[in-house]
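S.K.:
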Amino acid sequence: MGSCFQQPRPSIEDDSAVLFSTSNSPEEYSTSPSSSFYQPTPSPSLPPQRLKTTCKVTVRNLSYAIQPNTSILSHLLHEPKVPLHILKSVSFEARDSEILAVVGPSGTGKSSLLRIISGRVRDQDFDPRSITVNCHQIKKPAQLRKICGFVAQEDNLLPLLTVKETLMFSANFRLKGMSHKEKEDRVESLMDELGLTHVAGSFVGDEENRGISGLDSTSALQVIELLASMAKAKQRTVVLSIHQPSYRILQYISKFLILSRGSVVHYGSLELLEETINNLGYQIPTQLNAIEFAMEIMHPLEDSYSNNNNFLPSVEDAEQFPDLRCEKVGGVEHQQHAFFLILYEIMVLCSRFWKIIYRTKQLFLARTMQALVGGFGLGSVYVRVRKDEAGVAERLGLFAFSLSFLLSSTVEALPIYLQERRVLMKEASREAYRISSYLIANTIVFLPFLFVVSLLFAIPVYWIVGLNPSIEAFVFFIFVVWLIVLMASSLVLFLSAISPDFISGNSLICTVLGAFFLFSGYFIPKEYIPKYWIFMYYISLYRYPLDSLLTNEYWSARGECFSWQKYNNVDGDHFSKCLLTGNDVLKSRGLEKDTRWVNVGVMLAFFLFYRVLCWIILSRRASKTTT
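Position 503 of the sequence shown, counted from 1, bears residue number 503 in full-length UniProt numbering, the numbering being contiguous throughout.
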């Protein structure tokens, strides 16, 4: 698997880098200091063999165009769509042990080119005839993603993992044949090679800790030196984009590909560019290097390159150019990533989730304080509710408000889910692990955490209010509160999978919860709900827990009277008549049977249903992700 790095920027705006490797040679998997763990594990089904680690990428006549967005008026007028050509017949070759720099003004297609040759485009946008790797025709972008890495200016990392933990997480999935100690040695070796040992315990991934963006010239030079040394020592093929490289950086770059308006205006060494400029009758000023001056004479360079027709030799001419002859090494077709066992994936993902929860102190503290304050706050409002007609109404109001409070309490997890989704899409699209493993691990880790939250809410509110005093009713109350929180968590997880951003997701969650509450039967009895809205009554997340709480409270008190009316007869005797029993309260909600466990089953079904929907949506997204 190819390593990938982002090019640092002395006055760079959109730099990115691609590094290719089809290596699976035995020596590449040693734990020597010069090894990294970004190579695929050899397939156990193939016999051990020593393969060369070279990787030559050839691009021939690559063109790329996009369809611009058109207005509604254009559709009505049936105006033809004019495609916007980003790249036009681009040809070049990137060899192992060399650095190829893609240069050009902003908007010339540099980033698009790197995304294409690293496989970060959709299948329908990929030309299978334009790219070969070691004479192997690349038919799908996924093949390129198997053998190369790509890091753009903005990468997605989990901010609450350290540098070492981030690398160890990758090693756990990529180096499954190694022991834990060997993986740690490989990570230590890689950090030492990249100069990251001193920040191994620092958190990565957030906006304030981007170590490769906007560096000074000295740091930029150090990273270029690192890339050059790795390219030569490990025979890697490096392609990067850069703006205005300094004189000292130029000496580490083997070849330059200069683009102008999507077309190639120069491909070759720096000396060849200087010769071309001199042949055009220009003299490079002493204060500028050849690349900087080339940016100022793009039009003459376009004409010169077009006239010379400097394209690469074809594959059929390879025998005439021995130095360009393709070597049949490390077939791309066989570099299929093998999935880990699902239990191992879940174990590793659980470990990551636990670390994230433990380190998200603000969210952890907010959830616990929210549960405690909510429990004691509601209890202080409904202190020792009486067993009369007014108390029945108060209990119903307590249950309804508790439902609204608990179901809306998980909204604050939305930004965390959205941030993790970006990382998940990147990792799942590269087949690091299954999305099902991710969701199972998420469930396993959050079950006990949400149970603690449920306890902190349920215990104070139950005994302060003075609900059903039986232990069975108390345990069932806690269980229902836990299921409510779990349902809410699944709903937020599902809506985070379909929401583009936090604002849209928050609005969607509020709208859905509001609709569920409206049709729960609390505001509008089932008999009065319009027929075309009756389906909302059955899918409402409020209905089933509300019925469960009412049944739990009154089923054992069906014969207990909550409202009396006194009478006097003609003899002056006093007697009373019961007007409202526990059974009457249940009948008013249509609860003539003990449906507590049926409702529990429905709540569990909702919990699983929304997670299955989330799995479907995320799987669909991952299949279309090209990052």
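Glycine included, C-beta positions come from ideal geometry on N, C-alpha and C.
Under three-state DSSP, which class holds SER89?
M.R.: strand
S.K.: Measuring alpha carbon to alpha carbon, tell me which residue in LEU240, GLY374, SER260 is nearest SER254.
M.R.: LEU240
S.K.: Could you pull the start and end residues of the beta strand (DSSP E) that ASN599 belongs to?
M.R.: No beta strand (DSSP E) contains ASN599, which is instead part of the alpha helix (DSSP H) from 596 to 624.
S.K.: Quick one: residues in its chain with C-beta nearer than 6 Å to the C-beta of VAL411, no 5 flanking neighbours on either side, listed in chain order?
M.R.: ILE509
S.K.: Give me the DSSP bridge partner(s) of ALA65.
M.R.: HIS85
S.K.: Is the beta carbon of PHE476 closer than 8 Å to that of TYR462?
M.R.: no
S.K.: What whole-angstrom Cβ distance do PHE519 and TRP533 have, given they're in contact under 8 Å?
M.R.: 6 Å
S.K.: For LEU175 and ARG186, which I take to be in contact (beta-carbon distance under 8 Å), what is that distance rounded to the nearest angstrom?
M.R.: 7 Å
S.K.: For the beta strand (DSSP E) holding HIS266, just list the boundary residues, first then last.
M.R.: 263 to 268
S.K.: Taking 8 Å as the cut-off, decide whether the C-beta atoms of LEU113 and VAL90 are in contact.
M.R.: yes
S.K.: Does the distance from the C-beta atom of PHE376 to that of SER490 stay below 8 Å?
M.R.: no
S.K.: Evaluate GLU420 with the Cβ neighbour count: other Cβ atoms within 10 Å of its Cβ, from every protein chain shown; 16 or more gives buried, anything less gives exposed.
M.R.: buried
S.K.: Report the three-state DSSP secondary structure of THR360 (helix, strand or coil).
M.R.: coil
S.K.: Do you know how far the Cα of ARG145 is from the Cα of ALA413?
M.R.: 32 Å
S.K.: What does the alpha-carbon distance come out to for the pair HIS136 and PHE150?
M.R.: 20 Å
S.K.: Using 8 Å for Cβ pairs, my map puts residue 649 next to SER246. What's the rounded Cβ distance?
M.R.: Past the edges of the chain, shown from 1 to 627, lies residue 649, and the structure says nothing about it.
S.K.: Sorted by chain position, which residues of the same chain lie with C-beta nearer than 8 Å to LEU396's C-beta, five sequence neighbours on each side aside?
M.R.: TYR522, LEU550
S.K.: Hey, ASP125 and TYR64: beta-carbon distance below 8 Å or not?
M.R.: yes
S.K.: At what residue ranges does the region 400 to 470 contain a whole run of the alpha helix (DSSP H), taking only runs of 4 or more?
M.R.: 414 to 429, 435 to 465
S.K.: Classify GLY281: buried if its beta carbon has 16 or more other beta carbons within 10 angstroms, exposed otherwise.
M.R.: exposed
S.K.: Taking Cβ to Cβ, would you say VAL481 is nearer than 8 Å to ARG367?
M.R.: ARG367 sits away from VAL481, with the two beta carbons spaced by 8 Å or more.
S.K.: Does the Cβ of ILE616 have 16 or more other Cβ atoms within 10 Å, making it buried, or fewer, making it exposed?
M.R.: exposed
S.K.: Please work out which residues of its chain come closer than 6 Å, Cβ to Cβ, to GLN557, disregarding the five sequence neighbours upstream and downstream, and give them in chain order.
M.R.: First, the amino acid is wrong: residue 557 is Ala here, not Gln. If we look at ALA557 and ignore the five residues flanking it on each side, its Cβ neighbours are GLY582.
S.K.: Examine the ligand NAD and report whether any of its heavy atoms sits within less than 7 Å of the Cβ of SER576.
M.R.: The ligand content of the structure shown is nil, which means the ligand NAD is not present either.
S.K.: Whose C-beta lies closer than 8 Å to the C-beta of PHE173 among residues of the same chain, with five residues either side of it excluded?
M.R.: PHE340, GLU345, VAL348, ALA432, TYR433
S.K.: Are there 16 or more other CB atoms within 10 angstroms of the CB of PRO271, so buried, or fewer, so exposed?
M.R.: According to the sequence displayed, residue 271 carries Glu and not Pro. Within a 10 Å sphere around the beta-carbon of GLU271 sit fewer than 16 other beta-carbons, which makes this residue exposed.
S.K.: By the 10 Å Cβ neighbour count, where 16 or more other Cβ atoms means buried, how is ARG120 classified, buried or exposed?
M.R.: buried
S.K.: Just verifying my parser: in three-state terms, what is the DSSP assignment at SER130?
M.R.: When secondary structure is reduced to three states using DSSP, SER130 falls in the coil class, being assigned neither helix nor strand.
S.K.: Measure the beta-carbon distance from TYR267 to PHE92 and round it to whole angstroms, keeping in mind my assumption that it falls under 8 Å.
M.R.: The C-beta distance from TYR267 to PHE92 rounds to 5 Å, short enough to meet the 8 Å contact threshold.
S.K.: Under a Cβ-count criterion, where at least 16 other Cβ atoms within 10 Å of its own Cβ denotes burial, should PRO500 be classed as buried or exposed?
M.R.: exposed
S.K.: Taking the CB atoms as reference points, tell me whether SER404 and GLN370 lie closer together than 8 Å.
M.R.: Contact flag unset, no.
S.K.: Taking C-beta to C-beta, are GLY116 and LEU62 nearer than 8 Å?
M.R.: The identity of residue 116 in the sequence shown is Ile, whereas the question assumes Gly. Yes, these two residues count as a Cβ contact at 8 Å.
S.K.: Answer yes or no: do VAL103 and ILE258 have a C-beta to C-beta separation smaller than 8 Å?
M.R.: yes
S.K.: Could you check whether VAL445 and TYR382 sit closer than 8 Å to each other, using their CB atoms as the reference points?
M.R.: Taking 8 Å as the cut-off, the beta carbon of TYR382 is found no closer than this to the beta carbon of VAL445.
S.K.: Starting from the C-beta of LYS88, find all residues in its chain whose C-beta is less than 7 Å away, skip the five residues before and the five after it, and write them out in chain order.
M.R.: SER63, GLY262, SER263
S.K.: May I have the straight-line CA-CA distance separating VAL204 from PHE169, to the nearest angstrom?
M.R.: 13 Å
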